[in-house]
Each structure stands twice: as C-alpha cells, then as structure tokens.
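Before any comments, here is the structure.
Protein chains in written order, with the working numbering: chain A, 14 to 362; chain B, 14 to 362.
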C-alpha cells in the first residue's frame, strides 16, 4: 500500500531516471507521482500558450497546430502500460550496457488525447510515405554523434495511423505534467516506452526509413552471434512479476496470497502460472483486475506451504497469442527486452 | 481541461458537500482531489493501527478484523462511477427537499479492496439472514429522531454477496483518504452512492428488514400520488449529460465537437443520441472511451450548424437493457433519481 505515493527508486538525477516501487501500489492505475520516469536529456518546460506542433515533410499541407486546436479535435481515452525497453536490464548475466533498471521501469496510466491519424489526415499524406518521424523538444549530447541532438523516433505508417496512437494531453484525468511530456506527447499503446515521444515539437512524414540515433544506434536488439543482425524494438514482450512476497523474505506457515502483475503489449494476458518448487510444477493464478487491451492485470495465488524451509517462487505469463516468458533471458549487448521468468527466494519458518 | 484539478463546486461546509466540475475533466477516472463529496455528518479521522471492523449479528463466529488483516485478504480492483441519488435535484420543478445538487454529484474512480463475500463467509451466515447492515463511524443529529445517530445502511443478501461488492482501501491507486472513507469503506458498484458506506465500523447480519433513518426515512422514492407507496433507491438510473458546450454559450459557425458523459448502474450504456433541434430528430453520438461494467463513458458528436441563431441541444442515453432517459423528470418529494433529458441552450453567431 502506498504510504508515500510519490516515493520513487531513483537511478540518476541528470537526466532524471527513476523506477516505480511496484509493491506499494495496489491499483491498475499508477498514481502520476509514482509513475516511472525515463529521460535522455533535461526536461523541457514548454509554455502551452506559445508552443506549436509542426506537421510537415511528405504532406499536401504543412500544419502548425496550437495546443487549443489539438484540444478541439476528436478525443479518445484509454489505459495503457508503458514499459522501458531496458526494464530488468540489471538481471542480465553478463551485465549489459545501459541504465541498471531493476523491475520498476513500468507503470500504467489512463491517457486522453486525439488520434494522430486525424492530424495526419488533415495534413494529407503523399503517396509513398513510409514512416512518420516524431521529434521531442528535449536535446543533449550522445555518444558517437556530434553536437546536441533531439530525441527523435519514427513509427511505421500503419502504427501511426492506428486509432489508438494518440497525441496526449491528459494523464489519469489531469492535465499532462512537464515530467511526463507536456504540453503534448505521443502515446503508442503496446509499444515499449521509447516510442511514446514526450514534449512533441515536430511530426514529419517521410518516404525513407529513419536512421536517427535513438532509432538505429539504440533501442535495437543486436544479435550477439552476428552484430549485423538487428531488430528494432516495438511491442512490449509478455512478462509477469511478483509484488508480494519480496525476494529474500521470511514467511510464517499458514496461507499466503502471492501477488503480482502481468502484461504484454501485443495482446491481453490470458493466464499466469505459478511454481513454488523452482519450476518443477505449475498451477494457475487468478486475476483480480479485468483484461484490457493495453494495460497490465493483477494476479493472485493462494499458497499454503507444506513444510518449513526454502522455496523458490516463479510466475509465468501467457498472452492470448500464446506468447510466454522464456526461462533464460535473451542476452543482447544493449540489454533490452529481458522478459525471462523471475525467481523469488523465500524461507518459510 | 483541469487547470486546477482540485477545484470543486461547494454546496455546504458542514457537513462538507461539493460537486465535481465535470467540464474540467477529460478522463474516465476523476482525479481524487476533484471527486465529488457528499457527507451527512462531520468527517471522522480514524487511525488504521487501532481501528477494527466488527462483524456480528446472525453469524456463526463474530469477527473483529484489523486493517492489516483486511489487506491480507484476496484483492479485487475495478472502476465504478458513484452518483449521489440527489444529483440534478435542482432541476425538479416544483423544487424538491434536500441539498440543491446540480449535475456534478457524480464521479468515477478505480477502487481496490477485498470482496465482502469472503468476510461474510469467514463469519458464517446463519440460515434466515435477509440483509447485511453497514454502520459508518460518522454520527450526528437528524430530523425527527432523538440524539445523534450513525450513518447506517443495509444491502439485500444477494447484493452483499456479489463478488464486486468490496471492502475498499485504495482509490485511484492510492491509499483511501479520510475524505473518502478511510481506512475502509464499502463500494457497491452500480448503486447510488448512499449504499457505499464510508468509515466502516460495524457489519451486522440480520434476519429482518432494516428500518434505520437513512434506509427508511431517506433514499426512498415516495410516490407523490400515494405516499404509502415507497421504493428504496438502488441501481443508478441511466443518464447522460453535456460537458461541452455549457448552457447559455455562444458558438461560432463551423464544426464543433459536442461532448459529454453517459452512465447507467445496471448495465453498460450502449448508445447516446443527440438532438440539436429541441428533440425533433435524433442522431447517434460515438463513444471515445471503452465500455466497462460500472463506469461512465465519454461520448462525442460532430456538429456543424446550418445557420446562426438559437439551438436547443439534448442527449439521451440508452443502456444494454434498453432503459433510456425520460423527457419529464419523475418528480418525488425528496428529489431523488432525476435522470430526465437535459436541454442545453446555445446561440450560433
């Protein structure tokens, strides 16, 4: 339970990176003050009364939209879990490059905005458009590139036109805060967080594949056996975690409710199985919140250990596509998309 | 949009009664600080470390549950709209008795708690139990009764045993606040707010129909033609309202997105129809948030008026049971359950 709802587990101050303390939150919605934060550069503070969103490139009509114009467009509200592609990086062995996220670089919020497709339609996409490129107002220096650069990402056209891809101005029923991308951010439900560009400044339609730093040098799964084989990160992989008990804890004998969360970007989670014998046998947990297209679910498992001693607890989620979690992490140099089954060791006394 | 998310429209300070300013919130979830508040008595401030919930009456085993014991029980999270039974009372003509609520005594939150049924099962209900009675820790004087009384309500057994009837400790992902019933409140999804007893102190199983003040003298639909005919309030009636534009506003010519909310306690809202000609003709709005069992939905309607001049805008919701809103309010002396169609007058200039 949230004694101090704004408590975060801070990785770095500049740029500001901080995890959600998942065990402290019992709801589907993560309170905004407790939502994880992942930044590449200092947070821009933009004035919505002067800010404009430029839409140009391979379009019939370039647009410059004000904040109020975006508010007047058709509206859509949905809940979505955002997860940093580097979540659980600390569990790779050998260690991978990058911020040492444990398991808390993931949170869920309700987002309200306007479908991007309407804005692209108003601009009029030309034949041959292949990708839509999104530039944030955040800038800074990166390895191997000259001078400060902006955070830029692209989406394939079909994902940009998906009705759930939104230009967002509200989070959990309140106006978006600067920390989460005000005045307007992109939300790409089901995708790892890097796709949901914050502090949007510029949208560009392009007939070519984008090769920006955060598209090509980062957020890329590099095959350790052949570094020329690279797959860009997109959908959040299926995963489950324990929120209770925590690793290393002692439990009394008697009945316990093991608890946790499960999610998958491409499809709702259909089942979570629990092992209390280090993976020998598995039994299904039950869900304590509803299935939604893009949001995690809480699960619970009633357990009464037979004897005192050490136990290894594991959870394994499966989504409606049949995708499930691997036993071994899929090691990659940049440490992305580690959705391996987690072991929680406890002692019953 | 929420410029000041905690702004409420205050009806009275003691007891504290305040409406949500619905037009300021774009999400499904109402931020906790902006959630409407309806109290009968001063707000109790209870210490969860010493508070106990008593369960007794016609049970096999009386229980005294601590806050931590309730947290350890099976968990459930759901979103539900709560509406005061007196919402829209101010629109009755002739005026009805009671707090003059406009349309903002309604809000939506995500609630987390444990199903009441599990606690009743642990206590062991005896044969012949007819109702479960809930007593809050809030007390005060009321008309026509001696001395201070507690806020007490009962539920029919089948509703008390419904798996979505919860003993709640978290709201919108955060620990429940004293203003909303901490440490533990009842939530009866789909029912008018009076059923969701705050500051729970005592649960009693009874083999008789409860006749307490807030069960029998209030929250009762009294037939104006025959005052002996009385129907207790239960499920929230189907209703829709406009959030944009506000009554009396001037609109420019051109395209506008009319917007609002729609809800029904007994079944999800299936359609909302809009009239821009004072009820002569109706066309469907579209929904901009998902259907959920107990939560309201946002709707939107794209409108381009033909000519300048005055227009009367109306919305009419229909739920999946086919229940819809009446043209004329169903007048009753205590002013409850006014779900009549609302007219919003605007001028196109």
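All C-beta atoms in this analysis are idealised placements derived from N, C-alpha and C, irrespective of residue type, glycine included.
Item, Value
"Do residue 252/B and residue 276/B have their beta-carbon atoms positioned less than 8 Å apart in this structure?", "yes"
"Among 101/A, 349/A, 345/A and 317/A, whose alpha-carbon lies nearest the alpha-carbon of residue 361/A?", "317/A"
"Curious, which full-length alpha helix (DSSP H) runs of at least 4 residues does the segment 97-149 of chain A contain?", "129-136"
"DSSP on residue 335/B, reduced to helix/strand/coil?", "coil"
"Leaving out the 5 sequence neighbours to the left and right, which residues in its chain are closer than 8 Å to residue 281/A when beta-carbon positions are compared?", "304, 305, 306, 310, 332 and 333"
"I need the DSSP call for residue 295/A, collapsed to helix, strand or coil.", "coil"
"Check whether the Cβ atoms of residue 271/B and residue 313/B lie closer than 8 Å to each other.", "yes"
"Among residues of its own chain, excluding the 5 on either side of residue 161/A, which ones have a beta-carbon nearer than 7 Å to its beta-carbon?", "152, 153 and 154"
"What is the DSSP secondary structure of residue 179/A, reduced to helix, strand or coil?", "strand"
"Mind listing the chain A neighbours of residue 196/B? Cutoff is C-beta to C-beta under 9 Å, in chain order.", "The contacting residues do not exist; residue 196/B stays about 10 Å from chain A at best."
"What does DSSP give as the partner residues of residue 204/B in its beta bridges?", "248/B"
"Counting C-beta neighbours from all protein chains within 10 Å, is the total for residue 58/B 16 or more, i.e. buried, or is it exposed?", "exposed"
"DSSP three-state label for residue 364/B, please.", "Absent from the model: residue 364/B. The displayed extent of chain B is 14 to 362, so no value can be given."
"Could you check whether the Cβ of residue 104/A sits closer than 8 Å to any Cβ belonging to chain B?", "no"
"Which partner residues does residue 67/A have in the DSSP bridge list?", "77/A and 215/A"
"Sort out for me which residues DSSP pairs residue 271/B with in a bridge.", "314/B"
"From the DSSP secondary-structure annotation, give me the bridge partner or partners of residue 11/B.", "The requested residue 11/B is not part of the displayed model; chain B covers only 14 to 362."
"Within 8 Å (strictly less), CB to CB, does residue 58/B reach chain A?", "no"
"With C-beta atoms as the reference, is residue 123/A less than 8 Å away from residue 94/A?", "no"
"Near residue 14/B, what residues of its chain come up, given a Cβ to Cβ distance below 7 Å and the 5 sequence neighbours on each side ignored?", "Its pLDDT being 47, under 50, residue 14/B is placed unreliably in this model, and the value from its coordinates should be taken loosely. Cβ within range, chain order: 37 and 39."
"For residue 23/A, collect the residues of the same chain with a Cβ closer than 6 Å to its Cβ; drop the 5 residues on either side in sequence, then sort them by chain order.", "31"
"Taking 8 Å as the CB-CB limit, is residue 285/B close to chain A?", "no"
"Using DSSP's beta-bridge definition, name the partner residues of residue 254/A.", "274/A"
"Any contact between the segment 212-222 of chain A and the segment 143-150 of chain A? By contact I mean 3 or more CB pairs, one from each, below 8 Å.", "yes"
"In three-state DSSP terms, what is residue 54/B?", "coil"
"Put residue 187/A into one of helix, strand or coil per three-state DSSP.", "strand"
"Give me the chain A residues within the contact set of residue 91/B, using Cβ-Cβ distance strictly less than 8 Å, ordered along the chain.", "302 and 303"
"Please report how far the alpha carbon of residue 80/B lies from the alpha carbon of residue 232/B, in whole angstroms.", "30 Å"
"I'd like the list of long-range same chain contacts for residue 96/A, defined as Cβ closer than 7 Å, with 5 residues on each side in sequence excluded.", "118, 119, 205, 206 and 249"
"Please state if the CB of residue 170/A and the CB of residue 200/A are separated by a distance shorter than 8 Å.", "no"
"Does the beta-carbon of residue 74/B have 16 or more other beta-carbons within 10 angstroms, so that it is buried, or is it exposed?", "exposed"
"Using the rule of at least 16 other Cβ atoms within 10 Å of the residue's Cβ for burial, across every protein chain shown, is residue 65/A buried or exposed?", "exposed"
"Using 7 Å as the cut-off, classify the Cβ of residue 44/A as near or not near the heavy atoms of the ligand SAM, replying yes or no.", "Among the components of this structure there are no ligands whatsoever, and the ligand SAM is therefore not found."
"Please say whether residue 121/A and residue 85/A have beta carbons closer to each other than 8 Å?", "no"
"Per DSSP, residue 327/A is paired with what?", "288/A and 356/A"
"Between the alpha carbons of residue 131/A and residue 137/A, how many angstroms are there, rounded?", "10 Å"
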